[in-house]
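Enquirer:
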Amino acid sequence: MKLNDYLDIHPDVEDAIKNKLPIVALESTIISHGMPYPNNIETAIMVEDTVRSNNAIPATIAIINGRLKVGLTNKEIDFLATNNKVRKISRRDLAIAVSKKLSGSTTVASTMIIANLAKIAVFATGGIGGVHRGAEKTFDISADLEELSKTNVCVVCAGPKAILDIGLTLEYLETKGVPVIGYKTSELPAFYSSKSGFNVDYRVDAALDIAEILKTKWDLSIKGGVLVTNPIPIAFELELVMMNKAINEAIMEADKEKIIGKEITPYLLSKVNELTEGKSLDANIKLIQNNAALAAKIAMHYIK
Ligand code: PSU
Ligand code: MN
279 MKLNDYLDIH PDVEDAIKNK LPIVALESTI ISHGMPYPNN IETAIMVEDT VRSNNAIPAT
339 IAIINGRLKV GLTNKEIDFL ATNNKVRKIS RRDLAIAVSK KLSGSTTVAS TMIIANLAKI
399 AVFATGGIGG VHRGAEKTFD ISADLEELSK TNVCVVCAGP KAILDIGLTL EYLETKGVPV
459 IGYKTSELPA FYSSKSGFNV DYRVDAALDI AEILKTKWDL SIKGGVLVTN PIPIAFELEL
519 VMMNKAINEA IMEADKEKII GKEITPYLLS KVNELTEGKS LDANIKLIQN NAALAAKIAM
579 HYIK
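So, in structure tokens, the structure goes:
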């Protein structure tokens, strides 16, 4: 396979690859299905700027007319943010989207796949998908977890999304052999809150040490990613009890409306935002920014 048959690498990213500059991959489902307009576009641009101000090059990933885009123009970001027909593309959808020349935003799973094709090792998102509450009946487990077990990309997040079953998500990651690192914390953060009541496997206090763990894992040919969990800064976190109340109510609404499959995560995020009167969205924006900055530092120490 000739990579260029499928990949469109933005000139800034191409230049960074050539000159061995640090690159941070960013996903696009957050733009089209994770946030309302115009916060989605503002956040996408702000996150790219955060990567740049931390001395790395951003590569926001999406699929446009069947092309795998590594690095987007502002016009392409605008398209993803405003067109409500943009599909949410995960691993299962990827080959179909490409061969049928469709457009779509990429989840953590599919962003990892495309980042890896472009040899980008570090990727920042908000919160990963995981095992949903009630998964023992619904089997709803995000493809993000399987991807972390197969694809060699470091994912920097603020923990699993709080709408999930955090304990089961950790169990799944353990089974799949995915290391879960806490950046400057031994407690796993839970997206909107810096605390979850669960511990991470390892606390690491420096970006350099994380880069060394990546090098070591892949030198040893241990397949798969590393999950770096970076707590939302305390000043922006939401109170766990208040959040859980909103999440429980959102889950009840989703049940009533029979929302399932790939619609559930976007539905819950938007419902929780409604119930918290925009507080959860504010927190989501802050935590992504925080993750982008850390990812840039890790990428600087790790140049593939
Ligand atoms: N992080 C956010 N908001 C989001 C997501 C991550 O702050 O909307 C997206 C990611 O693309 C992730 C997806 O892969 O949510 C999870 O969807 P699912 O549960 O259907 O796998
Ligand atoms: Mn799902």
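Using my numbering, you'd call the opening residue of the sequence shown number 279 and step up by one each time. Here a beta-carbon is modelled for each residue, glycine too, at the ideal position from N, C-alpha and C.
Given this structure, state the Cα-to-Cα distance separating Gly404 from Asp283, to the nearest angstrom.
Expert: Roughly 30 angstroms separates the two Cα atoms.
Enquirer: With a threshold of 6 angstroms on Cβ separation, who are the neighbours of Arg411 within its own chain once the five nearest residues in sequence on each side are excluded?
Expert: Counting only Cβ-Cβ distances below 6 angstroms, and skipping sequence neighbours, we find Asp443.
Enquirer: Our contact map puts Gly408 next to Pro457 with C-beta atoms below 8 angstroms; I'd like the distance itself, whole angstroms only.
Expert: So it is not a contact: roughly 15 angstroms between Cβ atoms.
Enquirer: Where does Asp422 land, buried or exposed, given buried means 16+ other C-beta within 10 angstroms?
Expert: By the neighbour-count rule (16 or more Cβ atoms within 10 Å), Asp422 is buried.
Enquirer: Rounded to whole angstroms, what is the Cα-Cα separation between Leu448 and Leu505?
Expert: Their Cα atoms are separated by approximately 11 angstroms.
Enquirer: Check whether the stretch 309-325 touches the stretch 356-367, counting contact only when three or more Cβ pairs, one atom from each stretch, lie closer than 8 angstroms.
Expert: Yes, since at least three Cβ pairs between the stretch 309-325 and the stretch 356-367 fall closer than 8 angstroms, the two stretches touch.
Enquirer: Do the stretch 540-556 and the stretch 570-577 make contact, defined as three or more Cβ pairs closer than 8 angstroms?
Expert: Result no; under three Cβ-Cβ pairs closer than 8 angstroms.
Enquirer: Tell me the DSSP bridge mates of Val482?
Expert: Its beta-bridge partners are Tyr461.
Enquirer: Is any heavy atom in the ligand PSU found nearer than 7 angstroms to the beta carbon of Ser420?
Expert: Indeed, a heavy atom of the ligand PSU lies less than 7 angstroms from the Cβ.
Enquirer: Going by the CB atoms, is the gap between Phe401 and Val434 shorter than 8 angstroms?
Expert: A contact, by the Cβ cut-off of 8 angstroms.
Enquirer: Distance, Cα to Cα, Arg370 vs Lys534?
Expert: Going by the C-alpha atoms only, they are around 27 angstroms apart.
Enquirer: Ala294: which of Lys397, Ile323, Ile308 sits nearest, CA to CA?
Expert: When each option's Cα is compared against that of Ala294, the closest is Lys397.
Enquirer: Which term fits Asp583, buried or exposed, when burial requires 16 or more other beta carbons within 10 angstroms of its beta carbon?
Expert: In this structure the chain extends from 279 to 582, so residue 583 is not present and cannot be described.
Enquirer: Round the Cβ separation of Gly460 and Val478 to the nearest angstrom and send it over; I've been treating them as touching at under 8 angstroms.
Expert: That pair is a contact at about 4 angstroms.
Enquirer: Please report how far the alpha carbon of Ser464 lies from the alpha carbon of Met390, in whole angstroms.
Expert: Using only the alpha carbons, I get a separation of about 25 angstroms.
Enquirer: Could you have a look at Asn343 and say whether DSSP puts it in helix, strand or coil?
Expert: Reduced to three states, the DSSP call for Asn343 is coil.
Enquirer: Under the rule that 16 or more other beta-carbon atoms within 10 Å means buried, what is Val519, buried or exposed?
Expert: Exposed: under 16 other Cβ atoms inside 10 Å.
Enquirer: Beta strand (DSSP E) containing Asp286: first to last residue?
Expert: Unbroken beta strand (DSSP E) run through Asp286: 285-287.
Enquirer: Could you tell me if Gly382 is buried or exposed, where buried requires 16 or more neighbouring beta carbons within 10 angstroms of its beta carbon?
Expert: The residue in question, Gly382, is buried, as its Cβ has 16 or more Cβ neighbours within 10 Å.
Enquirer: Out of curiosity, what's the CA-to-CA distance linking Gln567 and Asn332?
Expert: Cα to Cα, Gln567 sits roughly 11 angstroms from Asn332.
Enquirer: Mind checking whether Leu516 and Ser474 have CB atoms under 8 angstroms apart?
Expert: Cβ atoms of Leu516 and Ser474: not closer than 8 angstroms.
Enquirer: Residue range of the alpha helix (DSSP H) that Leu516 falls in?
Expert: It is not in any alpha helix (DSSP H) - Leu516 carries neither H nor E in the DSSP assignment.
Enquirer: With a threshold of 7 angstroms, establish whether the CB of Gly405 neighbours any heavy atom of the ligand MN.
Expert: No - the ligand MN has no heavy atom lying nearer than 7 angstroms to the Cβ of Gly405.
Enquirer: When the distance is taken between beta carbons, is Ala393 closer than 8 angstroms to Ile339?
Expert: In contact: Ile339 and Ala393 (Cβ atoms closer than 8 angstroms).
Enquirer: Is Arg365 helix, strand or coil when you go by DSSP?
Expert: Looking at Arg365 - three-state DSSP - the assignment turns out to be strand.
Enquirer: Cβ of Ile319 within 7 angstroms of any heavy atom in the ligand MN?
Expert: No - the ligand MN has no heavy atom lying nearer than 7 angstroms to the Cβ of Ile319.
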